[in-house]
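Q: For the sequence shown, this note's numbering assigns the number 125 to the initial residue and increments by one for each residue that follows. Built from N, CA and C at the ideal position, the CB exists for glycine as well. As the structure is a computational prediction, the values presented were derived from the model and not from experiment. I am attaching a structure below and will ask some questions about it afterwards.
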Amino acid sequence: MFSIRFENMNLAKPFVDATPMSRSPEPRDLQALAAAALEYYGVHNPLYLRLWSADAGVDGTVPDRRFLGAPISELQPHDVPPGLALRPAKSVEHYDEARRAYEDVDTAHPHHTEEAAIQDLDDLQESADDGLLFDITVNDDWAGYAAAIIKPDDALGLPAYVVRELILAKKYRGHSYGPHLSTLLAQALPDPTRIFIGTIHSANQGARTAALTAGRHDVGGWLQLPLPQA
Numbered sequence: 125m126f127s128i129r130f131e132n133m134n135l136a137k138p139f140v141d142a143t144p145m146s147r148s149p150e151p152r153d154l155q156a157l158a159a160a161a162l163e164y165y166g167v168h169n170p171l172y173l174r175l176w177s178a179d180a181g182v183d184g185t186v187p188d189r190r191f192l193g194a195p196i197s198e199l200q201p202h203d204v205p206p207g208l209a210l211r212p213a214k215s216v217e218h219y220d221e222a223r224r225a226y227e228d229v230d231t232a233h234p235h236h237t238e239e240a241a242i243q244d245l246d247d248l249q250e251s252a253d254d255g256l257l258f259d260i261t262v263n264d265d266w267a268g269y270a271a272a273i274i275k276p277d278d279a280l281g282l283p284a285y286v287v288r289e290l291i292l293a294k295k296y297r298g299h300s301y302g303p304h305l306s307t308l309l310a311q312a313l314p315d316p317t318r319i320f321i322g323t324i325h326s327a328n329q330g331a332r333t334a335a336l337t338a339g340r341h342d343v344g345g346w347l348q349l350p351l352p353q354a
């Protein structure tokens with residue numbers, strides 16, 4: 125089943141989404157899939173066909189976002205650096221600082237703008253209202269945001285908390301805090317029987333490595349099949 129989508133609702137970035145699929149695509153499938161996508165949606169000049177795969181890569185495709193998750197019971201903090209902690213946040217008073225943290229990462233890694241972006245203020249406030257927004261602190265100083273949401277559309281049908289935000293301010297990056305943020309956030313959430321899951325772009329190696337080191341598993345995700353441009 126194909127449908128036309130627009131990346132981040134940007135009309136200049138159309139793509140074709142292939143869902144549902146009975147199995148993961150193989151290299152021998154790609155030519156026929158591309159032809160079918162262009163037959164039905166070529167008028168939109170889509171940039172790529174997005175495919176779901178349990179495999180992290182298929183020859184001829186480009187990696188996209190992957191779902192990384194684990195039962196909360198498996199994500200136990202250990203060897204947490206001294207001073208690193210989470211505290212519940214009732215409001216998003218540090219939003220400007222979080223936005224600057226993203227800008228700092230984008231400046232250092234220009235490709236990051238295609239991989240991640242800060243959540244809207246209203247979305248983070250929604251997490252705060254639900255008791256799912258936390259200040260990341262280092263020695264009680266604000267160092268970033270960690271947030272989750274119960275959002276079935278992004279949970280693969282699992283009873284899960286979905287990661288909404290994990291960001292560290294510039295001065296706190298490079299201290300090996302990243303792998304501990306998943307476990308600290310997972311254990312701060314109110315229902316320990318749920319799954320902890322979130323998407324990370326395959327090209328975002330820092331975030332992906334931190335998640336895997338924390339004990340999260342790659343359970344599948346999307347691949348992009350580039351399409352010929354008119």
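Kindly identify the DSSP beta-bridge partner or partners of Thr-143.
A: Position 19 of the sequence shown, counted from the first residue, corresponds to residue 143. Bridge partners of Thr-143: none, in fact.
Q: Quick check on the burial criterion: 16 or more other C-beta atoms within 10 angstroms. Buried or exposed for Ile-301?
A: Your numbering for residue 301 matches position 177 in the sequence shown. Here the sequence assigns Tyr to residue 301, which means Ile is not the residue at that position. Buried, since its Cβ has 16 or more Cβ neighbours within 10 Å.
Q: Give the straight-line distance between the Cα atoms of Asp-347 and Phe-191, rounded to the nearest whole angstrom.
A: Translated into positions along the sequence shown, residue 347 becomes position 223. Translated into positions along the sequence shown, residue 191 becomes position 67. Correcting the residue type first, residue 347 is Leu in the shown sequence and not Asp. Cα-Cα distance, rounded: 12 Å.
Q: To the nearest angstrom, how far is it from the Cα of Thr-237 to the Cα of Thr-323?
A: Locating residue 237 in the sequence shown gives position 113, counting from the first residue. Locating residue 323 in the sequence shown gives position 199, counting from the first residue. So the two alpha carbons sit approximately 15 Å from each other.
Q: Any contact of the segment 311 to 318 with the segment 219 to 239, i.e. 3+ C-beta pairs under 8 Å?
A: no
Q: Please state whether the Cβ-Cβ distance between Thr-333 and Pro-303 is less than 9 Å.
A: By 1-based counting over the sequence shown, the position of residue 333 is 209. By 1-based counting over the sequence shown, the position of residue 303 is 179. Yes, Cβ-Cβ distance for Thr-333 and Pro-303 is below 9 Å.
Q: Comparing C-alpha positions only, which one of Pro-149, Leu-290, Ala-194, Phe-130 sits nearest to Leu-248?
A: Start at 1 with the first residue of the sequence shown, and residue 248 comes out as number 124. Ranking Pro-149, Leu-290, Ala-194, Phe-130 by Cα distance to Leu-248 puts Leu-290 first.
Q: Going by DSSP, which residues form a beta bridge with Pro-289?
A: Looking up residue 289 in the sequence shown gives position 165. Reading off the sequence shown, one finds Glu at residue 289, where the question assumed Pro. Beta-bridge pairing by DSSP links Glu-289 to Ala-271.
Q: Since Asp-259 contacts Ala-213 with CB under 8 Å, what's their CB separation in whole angstroms?
A: As a first step, residue 259 must be located in the sequence shown, where it is residue number 135. As a first step, residue 213 must be located in the sequence shown, where it is residue number 89. Right, the Cβ-Cβ distance comes to about 5 Å (below 8 Å), so this counts as a contact.
Q: Report the three-state DSSP secondary structure of Pro-235 (helix, strand or coil).
A: Counted from its first residue, the sequence shown places residue 235 at position 111. Here residue 235 is His; the residue named in the question, Pro, does not match the sequence. Correct three-state label for His-235: helix.
Q: Using CA coordinates, which residue listed in Arg-147, Leu-292, Arg-189 is at the minimum distance from Glu-131?
A: Translated into the one-based positions of the sequence shown, residue 131 becomes position 7. Nearest option by C-alpha distance: Arg-189.
Q: Return the chain-ordered list of same chain residues with a C-beta closer than 7 Å to the C-beta of Ala-267, the five sequence neighbours on each side being excluded.
A: As a position in the sequence shown, residue 267 is number 143, starting the count at 1. Only Ile-260, Thr-261, Leu-292, Ala-293, Tyr-296 meet the Cβ criterion.
Q: Roughly how many whole angstroms lie between the Cα atoms of Pro-170 and Tyr-164?
A: Numbered from its first residue, the sequence shown carries residue 170 at position 46. Numbered from its first residue, the sequence shown carries residue 164 at position 40. Cα-Cα distance, rounded: 11 Å.
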